[in-house]
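Here the sequence shown stands for residues 698 to 964, where the numbers follow our numbering.
Structure, as structure tokens:
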Amino acid sequence: MEDLFKVIILGIVEGLTEFLPVSSTGHMILAGNLLGYEGGSADTFKIVVQLGAVLAVFVLYFRRYMDILKDMVRLKLNVPNKLNVIHMILAMLPALIVYLLFKDLIKNVLFGPGPVLISLVAGGILMIAAELAKRRVTSENTDDITYKQALGIGIFQCLALWPGFSRSGSTISGGMLLGTSRKAAADFTFIISVPVMFGATVLDLYDSRDLLTKDDFVLFLIGGAASFIVAMLAVVTFLNLIKRLRLTWFALYRFVVAGLFYWLVMS
Numbered sequence: 698m699e700d701l702f703k704v705i706i707l708g709i710v711e712g713l714t715e716f717l718p719v720s721s722t723g724h725m726i727l728a729g730n731l732l733g734y735e736g737g738s739a740d741t742f743k744i745v746v747q748l749g750a751v752l753a754v755f756v757l758y759f760r761r762y763m764d765i766l767k768d769m770v771r772l773k774l775n776v777p778n779k780l781n782v783i784h785m786i787l788a789m790l791p792a793l794i795v796y797l798l799f800k801d802l803i804k805n806v807l808f809g810p811g812p813v814l815i816s817l818v819a820g821g822i823l824m825i826a827a828e829l830a831k832r833r834v835t836s837e838n839t840d841d842i843t844y845k846q847a848l849g850i851g852i853f854q855c856l857a858l859w860p861g862f863s864r865s866g867s868t869i870s871g872g873m874l875l876g877t878s879r880k881a882a883a884d885f886t887f888i889i890s891v892p893v894m895f896g897a898t899v900l901d902l903y904d905s906r907d908l909l910t911k912d913d914f915v916l917f918l919i920g921g922a923a924s925f926i927v928a929m930l931a932v933v934t935f936l937n938l939i940k941r942l943r944l945t946w947f948a949l950y951r952f953v954v955a956g957l958f959y960w961l962v963m964s
């Protein structure tokens, strides 16, 4: 019963933070530390539960996914001046390669409060740099994004394998540094989040198959459901917020969270 309460709380935390560049995984690791929900199955939960929030993104961008799928079925893979499956593959491939090469290091070393606090600050610095950088915007919307920009955003997404960096924070910052508008980078970030998080969930469940029990899967479903419900309520508001506010505000929030947690728990 105690673990049930914990996964519901963490599901709510995930649903509220997935759409903001503040690192949902980082928040869950810190919250899990405060709640005493840690260990092998807990680390897997903190990845799997993100799928609940990401399903809300699938609902929001359903028409765009269906449009891409129709082009794939018709074998129209390289559609000019239009977001297509090649953009998505280029954006997902770098993080997939890095994850497969370093997954043990990531889970054994980086899934802890200390590394998360460091990456919260480092990610915040990256976001401020993206806002301050002098750049020429060449892609106002997702259909303007080039293959080169998609690959570059994918490389920045590798930073998000370090919990606390934030996938959306890394990719939006990267997109802006590479010449996309904040809106285009945000939309592209969330469009690629569904296949990215689905793949991450499947890989992590497979790697952790010997550690998990039937009770763990029940908790995962409950936590995922809580995340999905909260995310559905918050998704439109938060996505509009992230497209309008400068990343600097989210960076300052990250600094405050890192400082408070260090002062309360680690000092």
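Built from N, CA and C at the ideal position, the CB exists for glycine as well.
Cβ-Cβ separation, residue j to residue i (assumed contact under 8 Å), whole Å
i	j	result
S863	E711	No, S863 and E711 are not in contact; Cβ-Cβ is about 13 Å, not under 8 Å.
F887	G872	Not quite, the Cβ-Cβ distance comes to about 12 Å (not below 8 Å), so this is no contact.
I869	L780	Actually they do not touch by this definition, with Cβ atoms about 16 Å apart.
A881	T839	5 Å
L817	G723	6 Å
Same chain, Cβ closer than 7 Å to residue i, neighbours up to 5 away in sequence not counted
i	result
L727	P810, V813, F958
G729	L707, E735, A739, K743
Whether residue i touches residue j by CB criterion (7 Å)
i	j	result
L717	F935	yes
M824	L944	yes
L713	V927	yes
T877	S836	yes
I939	A883	yes
I765	V782	yes
V795	M894	no
V746	G920	yes
L856	S865	no
Other residues of its chain near residue i: CB distance less than 6 Å, five sequence neighbours each side excluded
i	result
Y758	I888
A788	A847, I850, G851, I889
I803	L858
G821	A948, R951, F952
Sequence-distant residues of its chain with Cβ nearer than 8 Å to residue i (five each side left out)
i	result
L908	G737, S738, T741
Y903	none
G896	M789, L793
Residue i, enclosing alpha helix (DSSP H) - first and last residue
i	result
V704	699–714
Counting only runs that start and end within the region 910–953, where is the beta strand (DSSP E) found for 3 or more residues in a row?
none
Which complete alpha helix (DSSP H) runs does the region 719–783 hold, if anything under 4 residues is left out?
721–732, 737–745, 747–757, 759–770
Identify every run of the alpha helix (DSSP H) within the region 864–916, keeping only runs that are complete inside it and at least 4 residues long; order them along the chain.
864–874, 879–904
At 4 residues or longer, what runs of the alpha helix (DSSP H) sit wholly inside the region 775–860?
782–802, 810–829, 844–854
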